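There are 2 protein chains.
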Amino acid sequence: MLIDMGKRARQAAQTLALAGTSQKNAALTSLAEQLLEQSAPILTANAQDVAEGRQASLTEALLDRLTLDPARLAGIASELRQTVSLPDPVGEKFDETILPNGLKLHKQRVPLGVIGVIYESRPNVTVDVAGLALKSGNAVILRGGSETLRTNRALVAVIRATLERHGLSPDAVQFIDSPDRALVLELLKLHEYVDIIIPRGGAGLHSFCRENSQIPVITGGIGICHIFVDESANLEAALPVIHNAKTQRPSVCNALDTLLVHRMVAADFLPRVVAYLGEAGVTFRADPAAYACLDRLDATLKALASPAGPEDFDTEWMSLVLGLKVVDNLDEAIAHTNAHSLGHSDSILTADSGHAARWVNEVDSAAVYVNASTRFTDGNQFGLGAEVAISTQRLHARGPMGLRELTIYKWVVIGDYHVRP
Amino acid sequence: MLIDMGKRARQAAQTLALAGTSQKNAALTSLAEQLLEQSAPILTANAQDVAEGRQASLTEALLDRLTLDPARLAGIASELRQTVSLPDPVGEKFDETILPNGLKLHKQRVPLGVIGVIYESRPNVTVDVAGLALKSGNAVILRGGSETLRTNRALVAVIRATLERHGLSPDAVQFIDSPDRALVLELLKLHEYVDIIIPRGGAGLHSFCRENSQIPVITGGIGICHIFVDESANLEAALPVIHNAKTQRPSVCNALDTLLVHRMVAADFLPRVVAYLGEAGVTFRADPAAYACLDRLDATLKALASPAGPEDFDTEWMSLVLGLKVVDNLDEAIAHTNAHSLGHSDSILTADSGHAARWVNEVDSAAVYVNASTRFTDGNQFGLGAEVAISTQRLHARGPMGLRELTIYKWVVIGDYHVRP
Chain A
78 MLIDMGKRAR QAAQTLALAG TSQKNAALTS LAEQLLEQSA PILTANAQDV AEGRQASLTE
138 ALLDRLTLDP ARLAGIASEL RQTVSLPDPV GEKFDETILP NGLKLHKQRV PLGVIGVIYE
198 SRPNVTVDVA GLALKSGNAV ILRGGSETLR TNRALVAVIR ATLERHGLSP DAVQFIDSPD
258 RALVLELLKL HEYVDIIIPR GGAGLHSFCR ENSQIPVITG GIGICHIFVD ESANLEAALP
318 VIHNAKTQRP SVCNALDTLL VHRMVAADFL PRVVAYLGEA GVTFRADPAA YACLDRLDAT
378 LKALASPAGP EDFDTEWMSL VLGLKVVDNL DEAIAHTNAH SLGHSDSILT ADSGHAARWV
438 NEVDSAAVYV NASTRFTDGN QFGLGAEVAI STQRLHARGP MGLRELTIYK WVVIGDYHVR
498 P
Chain B
78 MLIDMGKRAR QAAQTLALAG TSQKNAALTS LAEQLLEQSA PILTANAQDV AEGRQASLTE
138 ALLDRLTLDP ARLAGIASEL RQTVSLPDPV GEKFDETILP NGLKLHKQRV PLGVIGVIYE
198 SRPNVTVDVA GLALKSGNAV ILRGGSETLR TNRALVAVIR ATLERHGLSP DAVQFIDSPD
258 RALVLELLKL HEYVDIIIPR GGAGLHSFCR ENSQIPVITG GIGICHIFVD ESANLEAALP
318 VIHNAKTQRP SVCNALDTLL VHRMVAADFL PRVVAYLGEA GVTFRADPAA YACLDRLDAT
378 LKALASPAGP EDFDTEWMSL VLGLKVVDNL DEAIAHTNAH SLGHSDSILT ADSGHAARWV
438 NEVDSAAVYV NASTRFTDGN QFGLGAEVAI STQRLHARGP MGLRELTIYK WVVIGDYHVR
498 P
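Read top to bottom, the protein sequences are chains A and B. In terms of the numbering used here, the first sequence opens at residue 78 and continues consecutively. In terms of the numbering used here, the second sequence opens at residue 78 and continues consecutively.
Structure below.
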């Protein structure tokens, strides 16, 4: 069954790769309209998913993530319109050169081909990913969470009907309409028809894909993010940056997990951090040196911190918990970060340009920051438009993957009956 | 055991990523000298491998591929000097931008990290790959063929000693010094320490890696290459191009496998092809229409062709055999090529710029050609310098992978205590 899906996706990808920007944009614009016009069946399907989820005792947080309402549908439609407004990367020519023998060479940007996306509860992913894939000329095979099966079925029906009306193959967006996990395994083996697998979910999903896939997997979306407050940092200005990185949206992958503080400023700065972030409900796991710095706090504030356990600096908190650690110098800060970061986003706060340069060069993460919150690692924030994933692996793309990161190139060679000597 | 190797490689990669171009070039230059100065132990080890291979009844072709002599060693040293002369991609800044909020953003080119290379008999690969990896700041774990174990051991000893003398970690080049195939499996699971697997060998090795690897695999080095002679082609000029593509080096992946000829010129052109290439020892597998075109040849020439069997247009010949097929038009030529090519190199010979444009856009291969031999798909021919592989997969890089294709980027974000609103 999935092989047929793969074959149809490959075929759809070959024609979609040749579709012009205006045709793709017209389909996406129309899709944004259709989602609102046909909101009734979509919201009905979603209400059934939510009711079933409630019976199955899903947590309120999960139920909230899978719930659609008119405002959220409008948000999804508006994301699509934003995708329409982004430049189409397909067809771009680059690295043009004429070789000494007269051969004309360039690279031409083409879609990746067929993208398999495996994700969990949020139904907005279905439309967001389909929109980005279409705009970049890729076919997509979607495998959403079983708890949103009806919602995804309704959304995909609207997407496919819209494609067809715009002269594009509906098979460019296909959907595995079954909760059977064995089908995920089948998808991961379809290397003849699927070019890339993008899992969107927790660490378990990522390692399942990595272990079972015969197709390259983009892993990411998981980060243990650090801010290092250097001796020369502006401590007053550092507080709101740390507050932003930790509290603005603690459940996402670019939120702060560990604060490293230079020993020379730790005794002064750490108590201020606890007082400042404590007000926002943050609690702390402090290494012995950091914990000792908190002695001058009153008992209520000090009680917000506890001694760090052995796993605490290898934990992505996803909540209002912050690790605190004192380091002797920049070397130790870099070494700790490279040892414990998962290569997502790490920042230094410093007035020392030499230290900033060393941090940028030596910290081996997808996004390295100087004097900024780690929360900016995001397609929209980086000016790429919506993103399909944030990659923390090292092949093809690192960090936010937008339209351009869903493409690759072909070499084009133009000669005059050239032969190789 | 391999985990330790992985850990040491990761550590070596972190320091090698920061090594300057002059330090890397000095080590590579010195390595070229050392290979010649220490040729005696290398050639002795190689002679033992060759003797053992002869006892084990390896074919003469295989024995030739694994044999080193002073001239071949000099060739390897000269490749290294060429790698020295290539620009170092590491550190390049690109896509610089300042966001409306004042954040300064750019991408900075960095090494991929740790590269696992699994290859077969040719010992030159050991030095070529180590040289390209070093120049691009990558550590490498090599797994050569069991029949060259002694040679590779001797070569790697020289490489590691040279690294050490130049202040670089010898663990940047490690070598699996055992013929045990279980170790290949172990290597393919080391996703925490190895970032990319490059198999260099036949289709069996590639699918073994794809099926067992938890690390992204660059597949490639296999091609079923097409030339389509369009109605408007200069037939006189086409003959040497086809001759070059088929005969210049028939055993490589960019050699011609199938010749497609437009029906309007087939009766005139196909007999000339058989006469012209037949002189070079080529034999032919012709589809019915093509076979019928050969009737006007004398019996000796016609005997060079036989009717094509069902698998013949899905065969990478690797020898002086050429498939011949008549097609009705450009559409059929493109459809046949996309169905049977493995996405390596495919060429159209035509005077019609519209047909050329359609070929370039619609043929979905790593290298698409107009009026040139497919034999140019090669790092040196494309001006990239030596290549570590020719990729036919769609992620990260397509076609020849030189130094730049062994790198990726990190995002660098410079702010002034910016917070995300």
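By construction, the Cβ of each residue, glycine as well, lies at the ideal position given by its N, Cα and C atoms. If you're wondering where the values come from, they're calculated on a predicted model, not measured in any experiment.
Query                                                                                                                           : Result
Beta-carbon proximity check, I299 of chain B vs H417 of chain B, cutoff 7 Å                                                     : no
Option in B:A310, B:V318, B:A315 and B:K266 with minimal Cα separation from S290 of chain B                                     : B:K266
Listed by chain order, chain B residues near V318 of chain A by CB distance under 8 Å                                           : Y494, H495 and V496
DSSP state of H417 of chain B mapped onto helix, strand, coil                                                                   : helix
Rounded straight-line distance, which links the Cα of I292 of chain A to that of H268 of chain A                                : 5 Å
Test: K487 of chain A CB closer than 7 Å to a CB of chain B                                                                     : yes
DSSP bridge partner residues for W488 of chain B (one or two, in chain order)                                                   : A:A444 and B:K184
Three-state secondary structure (DSSP) of C286 of chain B                                                                       : helix
Sequence-distant residues of its chain with Cβ nearer than 6 Å to T414 of chain A (five each side left out)                     : H303, D423 and V440
Per DSSP, the bridge partner or partners of S422 of chain B                                                                     : B:A444
Amino acids of chain A, ordered along the chain, whose beta-carbon sits closer than 9 Å to that of I273 of chain B              : R471 and L472
Separation of D165 of chain A from I295 of chain A, as counted between CA atoms                                                 : 22 Å
Residues from the region 265-295 of chain B in contact with chain A, defined by Cβ distance under 8 Å                           : H268, D272, I273, R287, E288, Q291, P293 and V294
Residue interval of the alpha helix (DSSP H) (run including G400 of chain B)                                                    : Careful: G400 of chain B lies outside any alpha helix (DSSP H), inside the beta strand (DSSP E) at V398 to V404.
Coil, strand or helix - T392 of chain A by DSSP                                                                                 : coil
In DSSP terms, what T335 of chain B is bridged to                                                                               : B:H303 and B:G400
Outcome for D205 of chain A when other beta-carbon atoms lying within 10 angstroms are tallied against a minimum of 16          : buried
Residue nearest to P317 of chain B in terms of C-alpha spacing, selected from B:R142, B:L472, B:L426 and B:T106                 : B:L426
Supposed contact pair T360 of chain A and L397 of chain A - C-beta distance, whole angstroms, cut 8 Å                           : 7 Å
Within 7 Å, strictly: CB atoms of L112 of chain A and R471 of chain B                                                           : no
Spatial distance of T228 of chain A from N201 of chain A (CA atoms)                                                             : 10 Å
Near-chain B residues of the region 453-472 of chain A - C-beta to any C-beta below 9 Å                                         : F453, T454, D455, Q458, F459, G460, Q470, R471 and L472
Endpoints, the alpha helix (DSSP H) within which K266 of chain A is located                                                     : No alpha helix (DSSP H) contains K266 of chain A, which DSSP labels as neither H nor E.
Contacts that V202 of chain A makes with chain B (C-beta to C-beta distance below 8 Å)                                          : Neighbours of V202 of chain A on chain B: none; closest Cβ ~21 Å, over 8 Å.
Where E409 of chain A falls: helix, strand or coil (DSSP)                                                                       : helix
Alpha carbon of V217 of chain A to alpha carbon of S107 of chain B, nearest angstrom                                            : 50 Å
At least 3 beta-carbon pairs within less than 8 Å: the region 464-482 of chain B vs the region 139-155 of chain B               : no
Limits of the alpha helix (DSSP H) - the one that I273 of chain B falls within                                                  : No alpha helix (DSSP H) contains I273 of chain B, which is instead part of the beta strand (DSSP E) from I273 to R277.
Proximity of G297 of chain B and T469 of chain B at Cβ, strictly below 7 Å                                                      : yes
Residues of its chain near A86 of chain B, where Cβ-Cβ distance is below 8 Å and the 5 sequence neighbours each way are ignored : V191, A216, V217, I218, D248, A249, Q251, Y270 and V271
Neighbour flag for A314 of chain B against chain A, beta carbons, 7 Å                                                           : yes
Given E224 of chain B as reference, the closest of B:A122, B:Q185 and B:L378 once Cα atoms are compared                         : B:A122
Alpha carbon of I491 of chain B to alpha carbon of K181 of chain B, nearest angstrom                                            : 5 Å
Chain-ordered neighbours of N442 of chain B on chain A, where CB pairs are closer than 8 Å                                      : For the sequence presented, residue 442 of chain B should be read as Ser rather than Asn. The contacting residues are K487.
Inter-residue Cα distance where the pair is G97 of chain A and Y486 of chain A                                                  : 17 Å
Which of helix, strand or coil DSSP assigns to L219 of chain A                                                                  : strand
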